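Written below as structure tokens is the structure these notes are about.
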Amino acid sequence: MGNYEFIKTRVEEATGIIELHRPDVLNALNRKMVDEIVEALERYDQSEDIRVIVITGSQKVFAAGADIDEMADDTPVSMELRNQFAVWDRISLVKKPVIAAVNGYALGGAFELVLNCDLIFAGETAKFGFPEINLGVMPGAGGTQRLAKTMGKAKALEWLWTGEHMSAKEVYQYGVINKVVAPEILMDEVLKYTAKLSRQAPLSVRLIKEAVNKVTDSTLEEGLLLERKNFYLLFGSEDQKEGMKAFIEKRKPDFKGK
Ligand code: CAA
27 MGNYEFIKTR VEEATGIIEL HRPDVLNALN RKMVDEIVEA LERYDQSEDI
77 RVIVITGSQK VFAAGADIDE MADDTPVSME LRNQFAVWDR ISLVKKPVIA
127 AVNGYALGGA FELVLNCDLI FAGETAKFGF PEINLGVMPG AGGTQRLAKT
177 MGKAKALEWL WTGEHMSAKE VYQYGVINKV VAPEILMDEV LKYTAKLSRQ
227 APLSVRLIKE AVNKVTDSTL EEGLLLERKN FYLLFGSEDQ KEGMKAFIEK
277 RKPDFKGK
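For the sequence shown, my numbering begins at 27 and goes up steadily by one.
Here it is as structure tokens:
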């Protein structure tokens with residue numbers, strides 16, 4: 027895949043992996059790195075060989091947030107003119123499942139990147155948090171909204187106001203992340219899950235993602251309508267015919283994503 031400066035990409039079976047790689051500054055997310063992540067996500071989303079996408083960091087750190095050096099001299103006008111966070115909106119347009127695999131720190135903008143993913147797996151020693159308040163700012167790439175929606179308003183405010191780090195166990199307890207495992211087996215566990223997910227009917231995976239995301243983005247009525255539309259739509263796919271036929275014939279289905 028493309029030539030990147032701050033990320034590495036690789037493919038394992040049908041899983042496209044994006045690894046944040048800026049080790050000198052704990053993978054701090056500068057603008058170029060965010061552009062690269064989004065471009066890689068979109069490429070994997072378009073690729074016929076990829077069914078699931080994983081975003082990860084190193085064993086030591088996922089990422090320590092947005093690059094503070096790069097932002098320090100910004101002004102409201104420079105950010106407005108650059109439309110700083112517009113690129114982040116493209117992450118939620120990715121149709122395939124995106125899983126975050128987190129070891130070490132996932133702070134500030136990095137926690138926001140993680141919260142943009144569909145599922146979050148973490149090592150036991152991972153640390154999450156929004157330390158922006160300690161810099162005299164606040165999260166700007168969706169952190170307040172997404173944290174409050176998953177964790178609830180009171181707990182989210184508590185963490186956002188203190189800026190303290192949360193352990194993987196704590197965020198798990200509040201339903202923010204899916205699974206906590208020993209750090210050294212994190213990637214194996216993620217790949218075991220993505221192998222399973224890669225065998226599921228791709229159109230169902232895609233439309234379920236769209237329908238579930240509707241829960242947080244809309245009223246119940248809109249969500250129910252979208253769910254129904256997607257359910258009907260799947261009956262126009264070859265995979266629905268294959269899936270049901272395979273069940274009746276007592277064999278494993280061979281899904282093609284059509
Ligand atoms: N931006 C730029 N550089 C960073 C950075 C960041 N977010 N986080 C760490 N670094 C750099 C440090 O400056 C240091 O560089 P030097 O070796 O050149 O001095 C290097 O990475 C290692 O960092 P530390 O020496 O601080 O490592 P540590 O293990 O002692 O501490 C840490 C780790 C607790 C994560 C600490 O680095 C830290 O608190 N980092 C800042 C975290 C933060 O505030 N993130 C939010 C950023 S704002 C944001 O994300 C806004 C948004 O919503 C989009």
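Positions of the beta carbon are idealized from the N, C-alpha and C atoms, including for glycine.
Bear in mind the structure is a predicted one, so any value in this text is a computation, not a measurement.
Exposure label - residue i; buried when at least 16 CB within 10 Å
i, result
"ILE44", "buried"
"ASN53", "buried"
"TRP187", "exposed"
"GLY134", "buried"
"ARG48", "buried"
"GLU210", "exposed"
"ILE117", "buried"
"PHE257", "exposed"
Nearest residue (CA-CA) to residue i, options the options
i, options, result
"VAL64", "TYR30, ARG77, ILE76 and THR41", "TYR30"
"LEU119", "GLU236, ARG48, ALA272 and MET270", "GLU236"
"ALA159", "LEU183, LYS179 and MET177", "Looking at the sequence provided, one finds Ile at residue 159 rather than Ala. The option with the nearest alpha carbon to ILE159 is LEU183."
"GLU138", "LEU229, THR176, VAL103 and ARG108", "THR176"
"PHE88", "VAL163, ASN129 and ALA112", "ASN129"
"LYS288", "GLU190, MET164, VAL163 and TYR200", "Here the chain comprises residues numbered 27 to 284, so residue 288 is not present and cannot be evaluated."
"MET59", "ILE125, ILE81, ILE76 and LEU246", "ILE81"
"PRO123", "SER244, LEU217 and ASP280", "LEU217"
"ASP75", "PRO228, LYS181 and GLY83", "PRO228"
"ASP95", "GLY283, ARG57, ARG108 and GLY155", "ARG57"
"ARG36", "VAL51, LEU55 and GLY83", "GLY83"
"ASP61", "ASP144, ASP265, SER230 and VAL113", "VAL113"
"VAL202", "GLU190, ALA174 and ASP214", "ALA174"
Proximity test, residue i beta-carbon vs the ligand CAA heavy atom, cut-off 7 Å
i, result
"ASN160", "yes"
"VAL140", "no"
"ILE94", "yes"
"LEU67", "no"
"TYR198", "no"
"VAL51", "yes"
Integer-rounded CB distance, given that residue j should sit under 8 Å from residue i
i, j, result
"LEU212", "ALA92", "About 24 Å separates the two Cβ atoms, so there is no contact after all."
"SER224", "ALA66", "Wrong, their Cβ atoms sit about 18 Å apart, outside the cutoff."
"LEU55", "ALA136", "6 Å"
Sheet register partners of residue i (DSSP bridge)
i, result
"VAL128", "ALA148"
"THR35", "ILE44"
"LEU119", "Paired residue(s): none; LEU119 is not in a bridge."
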